[in-house]
Each structure stands twice: as structure tokens, then as C-alpha cells.
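Everything below concerns the one structure shown next.
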Amino acid sequence: MRVCLVTPYDLSCDGGVNRHVRALAGALRLRGHETSVLGPSAGPAPCDCDALRGVVSLSANGSKARIGLLVNRRAVRRYLSEGEFDVVHVHEPCIPGIARHAATAEFVPRVVTFHAYAEREPAVLRMLRRALAHPLRDVEHGIAVSHVAAAFARRVFGGSIRIIPNGIDLSTFVAPSRSRGTSHPATNDGNRSLRILFVGRFDEPRKGLRHLLAAACLLRESGRSIEVRIAGQGNRRSFAGIAARAGAVFLGRLSDSALATEYRAADMFCAPATHGESFGLVLVEAMACECPVVASDIDGYREASNGAAVLAPPSDAVALARALERMADDQFLRRQAIGHGIRRAQELSWTSLADEIIAAYESAAAPRSVANELAPHAPEPFVAVGETA
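Note that this note's numbering numbers the sequence shown so that position 222 is 482, with each residue one more than the last.
This is the structure:
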């Protein structure tokens with residue numbers, strides 16, 4: 261099958277959707293499917309992707325989104341036409357620009373995936389989303405990465421939605437050979453610092469890095485030796501003072517293999533986002549590498565971790581410091597978190613999830629009479645993969 265995956269986000273920057281798309285492309289190629297990735301890019305794009313110019317930075321849902329708003333519609337449709345794809349899989353199809361151009365290309369079978377989620381949505385924004393989703397009325401096959409993302413999409417999208425979570429490549433994000441969680445990860449005698457890893461676009465307020473740094477400062481004031489390692493892109497200047505007090509090290513953007521090494525070397529991973537996360541792929545990556553997870557108690561992270569992480573109230577540095585300290589000191593909790601995390605990561609391996617995606621492609625690409633036979637007949641608006649209606 262010839263497949264084109266389309267992302268709306270700048271391929272030259274880090275981001276959960278782009279990571280999801282490229283990992284899915286790799287899983288499809290391993291199954292023998294000829295797979296292309298198309299997206300906008302303001303700079304050098306990954307070598308396994310095709311890029312078009314036209315990136316614009318916009319503020320949305322508490323973050324800066326670099327989207328292909330100015331990508332030429334004709335260029336997108338020409339690319340899809342010349343590629344002779346059996347199916348086009350568009351991620352975030354309501355985002356204006358390249359994704360919406362691809363999602364409305366009626367001459368090719370389309371599958372769309374919804375990643376976005378917002379706890380609070382003003383009425384005017386919902387009206388705008390509904391207007392942007394209106395051209396998708398003839399798209400019948402939808403996917404959401406979580407229950408909360410499905411509910412958010414259902415407000416504007418009338419097609420069927422199946423829930424297929426973010427997947428993980430267990431050949432890259434793999435546990436270390438050494439045993440973990442059997443000794444105290446932090447020492448107070450200066451021999452070794454407690455190493456806490458953060459991954460993400462750290463200068464976006466909703467990612468919560470400032471709360472993690474504040475929590476690290478509290479732990480250092482109590483006598484602990486702390487090192488916060490920050491992987492990802494962003495402007496460091498606004499963090500200069502608190503980063504120094506927290507013992508922070510900025511690593512920049514890392515390859516997947518280098519990131520997996522950081523997960524394996526960390527005593528724990530912390531995801532302190534305040535809101536707006538529909539799932540949390542980085543939590544699963546950490547768990548696959550046997551790195552215990554402490555995260556904010558928000559909807560997406562609860563669904564991603566499924567009980568394998570210690571959760572703390574968002575935007576509360578004191579509570580976060582207590583959660584980090586608990587994970588550092590409680591050896592039974594660490595062993596339990598590592599064990600549960602490995603099982604959760606295995607559940608979300610692309611080895612099994614890719615088959616669910618391919619089933620959606622086959623349904624979309626089949627002639628309508630055959631597709632009707634393949635489509636689920638449940639009356640519910642969406643059904644989670646692996647669950648019954």
C-alpha cells in the first residue's frame with residue numbers, strides 16, 4: 261500500500277505530533293508499505309520527510325504552534341496526485357494550511373487523526389473549529405489518540421472515530437541491561453546527584469518547566485543534590501536564573517537514540533505540563549526505558565500512564581517536589597512504577613498498534629460497498645481499540 265502521512269507542524273522543530281508521524285511511518289515501512297511523510301518546514305527537515313515552505317508561528321492552547329499556514333494548496337494537491345497514494349493519513353486536519361489542504365483532497369481516500377485537546381474552550385473558538393471542520397464532512401474515517409482527544413474532536417467532526425493511542429518504537433526506546441530501582445537513586449553525601457529528565461519545548465508555559473525548576477530548587481534547599489537535564493528546543497534566556505539555582509543542564513534537540521540514552525541514565529522523568537495534553541508520548545518513552553515517571557495530574561497524562569506514574573497537581577511546585585522526593589526515596593514505589601511502566605509501554609508498541617492503523621487504511625481505501633461491510637456497526641460515537649462498544 262502506498263501511504264502518505266501529512267503533519268501540519270514544522271518538521272524542523274520538535275513536537276509530539278511530528279514524533280508520532282515519523283514513528284508511524286517507520287512502523288509502516290517495516291510492514292512493507294511504501295510510506296511518505298509530508299509537512300511544512302522552515303529549516304532543514306529530517307531526511308525521511310518531504311517538506312514544503314510556508315511556516316507561520318501562532319499562539320494556541322497555551323503554546324506556540326509552527327504550522328504550514330502559507331503552504332500552497334496547489335502544491336499539496338499536486339504532490340498527492342503525483343504520488344498516486346492508496347490512502348492519505350492527515351494529522352490534525354482542522355488546522356489551516358497543509359493539513360486542511362490534504363484533508364479536503366477528495367480525489368484520494370483519507371484517514372484523519374485528532375491529537376488536540378483543551379480542558380476549556382471558549383464558545384468562539386469552538387465555532388471556529390466547527391467552521392474549519394466543515395469541509396471534512398465527507399471524510400468517514402477518523403482516529404483519536406485518546407478518549408479526551410476523541411471527545412474534543414466529536415464536538416466538530418461527524419465521521420466515525422476509533423481510538424488508537426500514540427505508539428512507541430520499542431527497538432529504540434528499550435530498557436537498560438542493568439537492573440533499576442534496587443538502590444537509592446540519590447545520595448546526600450555529594451557522590452551523585454539525583455538526575456531528573458525533562459523533554460519538550462521548554463519555553464512554552466504550559467509545558468511546565470518553570471514548576472519543575474522551582475521544585476528542584478526546593479529539593480536542593482533541603483540538602484539534596486539535584487541535576488535537571490532538559491532535552492528539547494526553546495529560548496533559555498528567561499530561565500537563566502532559576503535554571504542555575506536548580507542545577508539545570510540544557511541538552512538541545514536530541515535524536516531518538518540519544519534521547520533513549522538520556523531516559524536510561526535518568527533517575528526519573530518528569531512531565532510537569534499544566535494543561536492541554538491529550539496523551540503524553542514522552543511518558544511512555546520513559547517507561548519503556550525503565551525510567552520512573554512523575555507527572556502532572558491532568559487528563560492526558562492519566563490516560564497515557566494508566567496508573568504507572570506518580571501524579572501531582574499541576575502548577576504546584578511544592579506538591580511536585582514532594583512527588584519527586586517520594587519517587588526517589590520509596591524503593592517499593594520505584595520498582596512498582598518501573599514494572600507497571602514496562603507493561604504499559606508494551607501495550608502501546610507500534611508492533612500491535614500499527615495493525616489497527618492499517619485496518620483503518622484498508623477500510624478507507626476499499627470500494628464503498630466493501631467499506632460498509634468492514635465498518636463497525638456500533639451506534640456509539642467512538643470505540644476505543646481493544647474495547648467493546
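Beta carbons: idealized from backbone N, C-alpha and C, even for Gly.
Being a predicted model, the structure only gives us computed values, none of them experimental.
Pull up the distance between the alpha-carbon of residue i and that of residue j, whole angstroms please.
{"i": "Ala-287", "j": "Arg-582", "result": "39 Å"}
{"i": "Glu-366", "j": "Val-399", "result": "9 Å"}
{"i": "Val-553", "j": "Gly-501", "result": "26 Å"}
{"i": "His-407", "j": "Pro-532", "result": "21 Å"}
{"i": "Leu-472", "j": "His-349", "result": "36 Å"}
{"i": "Arg-397", "j": "Gly-419", "result": "7 Å"}
{"i": "Asp-463", "j": "Arg-470", "result": "9 Å"}
{"i": "Gly-599", "j": "Glu-550", "result": "8 Å"}
{"i": "Pro-306", "j": "Asn-278", "result": "11 Å"}
{"i": "Gln-244", "j": "Val-263", "result": "Because the chain spans 261 through 649 in this model, residue 244 falls outside it and cannot be assessed."}
{"i": "Met-587", "j": "Ala-568", "result": "12 Å"}
{"i": "Ala-474", "j": "Met-387", "result": "38 Å"}
{"i": "His-444", "j": "Ala-626", "result": "At His-444 the pLDDT is 48, less than 50, meaning the model places this residue with poor confidence; the figure from the coordinates comes in the next sentence. Near 56 Å, if we compare the C-alpha coordinates of Ala-626 and His-444."}
{"i": "Gly-343", "j": "Thr-295", "result": "10 Å"}
{"i": "Pro-465", "j": "Ser-323", "result": "7 Å"}
{"i": "Asn-495", "j": "Val-315", "result": "19 Å"}
{"i": "Glu-650", "j": "Arg-524", "result": "Nothing about residue 650 can be read from this structure; the chain reaches only from 261 to 649."}
{"i": "Asp-589", "j": "Ala-506", "result": "19 Å"}
{"i": "Leu-479", "j": "Ser-485", "result": "8 Å"}
{"i": "Leu-584", "j": "Ser-498", "result": "24 Å"}
{"i": "Arg-562", "j": "Leu-571", "result": "8 Å"}
Select from the options the residue whose C-alpha is nearest the C-alpha of residue i.
{"i": "Cys-354", "options": "Leu-329, Arg-338, Leu-472", "result": "Leu-329"}
{"i": "Gly-512", "options": "Ile-502, Ser-538, Leu-457", "result": "Leu-457"}
{"i": "Ala-410", "options": "Val-434, Ala-378, Pro-395, His-394", "result": "Ala-378"}
{"i": "Asn-566", "options": "Met-387, Pro-574, Ser-575, Ala-555", "result": "Ala-555"}
{"i": "Ala-302", "options": "Asp-270, Asn-278, Pro-574", "result": "Asp-270"}
{"i": "Val-384", "options": "Ala-605, Val-416, Ala-546, Leu-284", "result": "Val-416"}
{"i": "Ile-618", "options": "Arg-279, Leu-284, Val-277, Asn-278", "result": "Leu-284"}
{"i": "Val-488", "options": "Val-570, Arg-455, Val-316", "result": "Arg-455"}
{"i": "Pro-382", "options": "His-394, Phe-412, Tyr-621, His-375", "result": "Phe-412"}
{"i": "Pro-573", "options": "Ala-376, Cys-309, Asp-557", "result": "Asp-557"}
{"i": "Ile-602", "options": "Arg-389, Cys-477, Ala-435", "result": "Ala-435"}
{"i": "Ser-538", "options": "Arg-338, His-375, Gly-275", "result": "His-375"}
{"i": "Ser-317", "options": "Leu-290, Pro-356, Arg-291", "result": "Pro-356"}
{"i": "Ser-453", "options": "Gly-468, Gly-483, Lys-467", "result": "Gly-483"}
Shorter than 9 Å from the beta carbon of residue i to some beta carbon of chain C?
{"i": "Phe-345", "result": "You won't find chain C in this structure, because it holds only one protein chain."}
For residue i, which residues from the same chain have a beta carbon less than 6 Å from its beta carbon, with the 5 sequence-adjacent residues on both sides left out?
{"i": "Arg-333", "result": "His-361"}
{"i": "Leu-392", "result": "Cys-354"}
{"i": "Arg-438", "result": "Residue placement at Arg-438 is flagged as unreliable, the pLDDT there being 46, under the threshold of 50; a coordinate-derived value is accordingly withheld."}
{"i": "Met-261", "result": "His-293, Asp-346"}
{"i": "Arg-604", "result": "Met-547, Asn-566, Ala-568"}
Take residue i and list the residues in its own chain whose beta-carbon comes closer than 7 Å to its own, dropping the five residues that flank it on each side.
{"i": "Cys-273", "result": "Arg-326, Gln-493"}
{"i": "Ile-358", "result": "Val-266, Pro-268, Gly-299, Pro-300, Leu-312, Gly-328, Val-331, Val-336"}
{"i": "Val-281", "result": "Leu-265, Thr-267, Val-297, His-351"}
{"i": "Thr-432", "result": "Asp-516, Ser-517, Ala-520"}
Within its chain, find whatever has a CB closer than 8 Å to the CB of residue i; leave out the 5 residues flanking it on each side and keep chain order.
{"i": "Leu-608", "result": "Pro-425, Asn-426, Gly-427, Ile-428, Val-544"}
Under 8 Å, with one C-beta from each stretch per pair, do the stretch 371-387 and the stretch 402-410 reach the 3-pair mark? yes
Report yes or no: do the stretch 605-616 and the stretch 420-440 share at least 3 C-beta pairs separated by less than 8 Å? yes
*Unbroken alpha helix (DSSP H) runs of length 4 or more, entirely within the stretch 382-467: which are they?*
Runs of the alpha helix (DSSP H) inside the stretch 382-467: 383-393, 407-414.
Requested in this report: Scan the stretch 341-376 and note each continuous beta strand (DSSP E) run of 3 residues or more that stays entirely inside, going in chain order.
Outcome: 347-351, 370-374
**Asked** Could you give the uninterrupted runs of the beta strand (DSSP E) lying entirely in the stretch 522-600, keeping only those of 3 residues or more?
**Response** 528-531, 553-556, 570-572
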